[in-house]
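Enquirer: If you scroll down you'll find the structure; I have some questions about it.
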Amino acid sequence: MRVRAGAGSLIGLPAVIGNQPYSLTARAGVDAEIRQLSSEGFCSLVKSHPEFCADVLKILATEIRSVRKALADFLS
Numbered sequence: 002m003r004v005r006a007g008a009g010s011l012i013g014l015p016a017v018i019g020n021q022p023y024s025l026t027a028r029a030g031v032d033a034e035i036r037q038l039s040s041e042g043f044c045s046l047v048k049s050h051p052e053f054c055a056d057v058l059k060i061l062a063t064e065i066r067s068v069r070k071a072l073a074d075f076l077s
């Protein structure tokens with residue numbers, strides 16, 4: 002399965018929130034700008050910018066929906 006992440010995407014959000022290793026492989030395009038945050042760094046960022054919380058929840062909800070759909074498709 003391949004997913005193309007566009008500009009402004011957050012990769013590995015469940016991993017950083019759960020303080021777990023990222024379980025997927027990612028490749029960056031030539032012009033990509035990459036920033037890496039530890040779980041602590043991410044928590045600090047969200048604490049200093051609480052307006053990000055709604056966006057984080059939307060991203061996590063989208064990931065849960067896509068996994069549930071993939072599982073339902075696989076099982077049917």
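When the letters of the sequence shown are read in order and numbered with my numbering, they come out as residues 2 to 77.
Note that the Cβ used here is the ideal one computed from N, Cα and C, for glycine as well.
As the structure is a computational prediction, the values presented were derived from the model and not from experiment.
Pairing CB atoms from the region 45-63 with CB atoms from the region 23-37, are three or more of them under 8 angstroms?
Expert: No, the region 45-63 is not in contact with the region 23-37.
Enquirer: Thinking C-alpha only, which one of A33, A8, P15 is nearest L25?
Expert: P15
Enquirer: Short of 7 angstroms in beta carbon distance, which residues of its chain neighbour A29, apart from the five on each side in sequence? Order them along the chain.
Expert: For A29, where only same-chain residues beyond five positions count, the Cβ hits under 7 angstroms are I35.
Enquirer: How many angstroms separate the CA atom of G9 from the CA atom of V68?
Expert: Cα-Cα distance, rounded: 21 angstroms.
Enquirer: Rounded to a whole number of angstroms, what is the C-alpha to C-alpha distance between G42 and K70?
Expert: Near 31 angstroms, if we compare the C-alpha coordinates of K70 and G42.
Enquirer: Classify L64 as helix, strand or coil using the three-state DSSP reduction.
Expert: It is Glu, not Leu, that sits at residue 64 in the sequence shown. E64: helix per DSSP, three-state reduction.
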